[in-house]
Amino acid sequence: MYRFYRKDELIVMGCYAVFALVYRLSGIIPPEAALVTGMAAGGYIFFNRPVMLVIDAFRMRGDHFDTAGTIREIRQVQIRSGHYPAFFTDYTDADGRAHSIEIHAAFSIRKWKAGDRIRLRVSRSNPEKVIVRSSDAAMAVIMCIIGAALEAVLLAVLIRTH
219 MYRFYRKDEL IVMGCYAVFA LVYRLSGIIP PEAALVTGMA AGGYIFFNRP
269 VMLVIDAFRM RGDHFDTAGT IREIRQVQIR SGHYPAFFTD YTDADGRAHS
319 IEIHAAFSIR KWKAGDRIRL RVSRSNPEKV IVRSSDAAMA VIMCIIGAAL
369 EAVLLAVLIR TH
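Here the numbering used here is used: the first residue of the sequence shown is 219, the next is one more, and so on.
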């Protein structure tokens, strides 16, 4: 999907953090308003990326083509106190030219190894724009499930308080 948070997601998280801080410090905001605002912010954060994935799929429908890439190497990338795997993948574009790309955000039920082939969707106009098909779909489903669970809990709290 996307490697980093987008600007709109950062703005929503920042606004909600300020709202929650004002709610906790001053107490002038009713608890119901804080809960509903939390539901809206959580819904936006968890459902925005899957919706954008679907919109991008429809918008770029004729521009993408399917290919297979081979994982050449797997490296552990250090990030603060932990690390995560980065997959260095080779693939060919629509014109038959070879490309290499680093895949940082990917999800698979089975563990990928060097030499494995993965399905990719590559943009014809920008061959560096690559979508890992099964990974992005799985991440979108997982984010929707987490978002639905969060919304259900917040809705249950709202109903229980009234």
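Idealized CB from N, CA, C, for every residue including glycine. Since this is a predicted model, take the numbers as computed values, not measurements.
query                                                                                                       : result
Exposure label - residue 277; buried when at least 16 CB within 10 Å                                        : exposed
The stretch 312-322 / the stretch 235-255 touching (three or more Cβ pairs under 8 Å)                       : no
Cβ pair count under 8 Å reaching 3, the stretch 365-372 against the stretch 334-354                         : no
Cβ contact check for the stretch 251-261 and the stretch 280-291: 3 or more pairs under 8 Å                 : no
Secondary structure of residue 227, DSSP reduced to three states                                            : helix
Rounded straight-line distance, which links the Cα of residue 300 to that of residue 266                    : 27 Å
Residue range of the beta strand (DSSP E) that includes residue 303                                         : 300-310
Cβ neighbours of residue 318 in the same chain (closer than 6 Å, five flanking residues each side left out) : 308
Selected residue, minimal CA-CA separation from residue 363, among 287, 223, 376, 264                       : 264
Cα-Cα separation between residue 252 and residue 234, rounded to whole angstroms                            : 9 Å
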